[in-house]
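If you're matching positions, the sequence shown starts at 168 in the numbering used here and goes up one per residue. Backbone N, C-alpha and C fix where the C-beta goes; we use that ideal spot for every residue, glycine too.
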Amino acid sequence: DSARARFGLGRGRLRLGRGRCGGWRRFGRGGSRCRRLVPYPVEIGDGVEIGACTCIDRAKIGATVIGDGTKIDNLVQIAHNVTVGEHSILVAQVGISGSTRLGKHVVLAGQVGIAGHVEIGDRVRIAAKSGVAHSVEADQDIVGLPAVPHREWFRMYGNIQRLGRFKEELRRLKEKVQQLERKWNKE
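Shown next as structure tokens:
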């Protein structure tokens, strides 16, 4: 159909949810001067599923590419020149900034945000509500804002949970030091 020709959609299975958008103008500087049509395509591979109210922007140069077998949930924003590798999963409210490259079999949980010009390696899993501002090597699980390897995040989070106890212990130690100083000053 006309959508397949206009957006470079795959020849095989393709499932599109209601309200999805593909090939929209980029958000950019210059106000109304940027309101012209951009000829660069959005290429959507075979077996891709795109949920409702998902937007995939046209490329600035080259193409915005969604790899074969990728599953995109509702309310996802994919900016210009993004490449999503094959068989990746993007859960609801994910936002991917321009010129980002996702490897194959990447999983982005709900509300993940990725800064522009970042490369995410193959088989990376990013936990919900994480913010990624740097490239990530393959085969990692990351979490948090800013996103860090999951083991490091759990260690940091555990320390945050213990801050109250650390503060109380520090207060007690300061009192003991002051008592000792008073005792030594008397002698």
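Checklist entry - Any contact of the region 234-241 with the region 207-225, i.e. 3+ C-beta pairs under 8 Å? => result A contact exists between the region 234-241 and the region 207-225.
Checklist entry - To the nearest angstrom, how far is it from the Cα of I233 to the Cα of H247? => result Here the alpha carbon of I233 sits roughly 12 Å from the alpha carbon of H247.
Next on the checklist: Which of the three DSSP states is assigned to I360 in this structure?
Outcome noted: The structure shown does not extend to residue 360, since the chain is modelled only from 168 to 354, so the question has no answer here.
Next on the checklist: Going by beta-carbon coordinates alone, are I293 and V285 separated by less than 9 Å?
Outcome noted: The Cβ-Cβ distance between I293 and V285 does not fall below 9 Å.
Item to check | Same chain only: Cβ atoms within 6 Å of R268, ignoring 5 sequence neighbours per side | outcome: Cβ neighbours of R268 beyond the five flanking positions: T250 and E286.
Checklist entry - Exposed or buried, D306, counting other C-beta atoms within 10 Å across all chains shown (16 or more means buried)? => result So D306 counts as exposed.
Checklist entry - Nearest CA to the CA of G252: which residue from A295, I309, S266 and H272? => result For the residues A295, I309, S266 and H272, the minimum Cα distance to G252 belongs to H272.
Item to check | Span separating the alpha-carbon of R349 from that of L340 | outcome: Counting only the Cα atoms, L340 lies some 14 Å from R349.
Checklist entry - Buried or exposed: which applies to R322, given that a residue is buried once 16 or more other Cβ atoms fall within 10 Å of its Cβ? => result Per the 10 Å Cβ criterion, exposed.
Next on the checklist: Here's the rule: buried if 16 or more other CB atoms are within 10 angstroms of the residue's CB, otherwise exposed. What is V243?
Outcome noted: Buried, since its Cβ has 16 or more Cβ neighbours within 10 Å.
Item to check | Start-end ranges of the alpha helix (DSSP H) lying completely within the region 205-264, minimum 4 residues | outcome: Runs of the alpha helix (DSSP H) inside the region 205-264: none found.
Checklist entry - From G214 to G325, what does the alpha carbon distance come to, in whole angstroms? => result Distance between the alpha carbons of G214 and G325 is about 41 Å.
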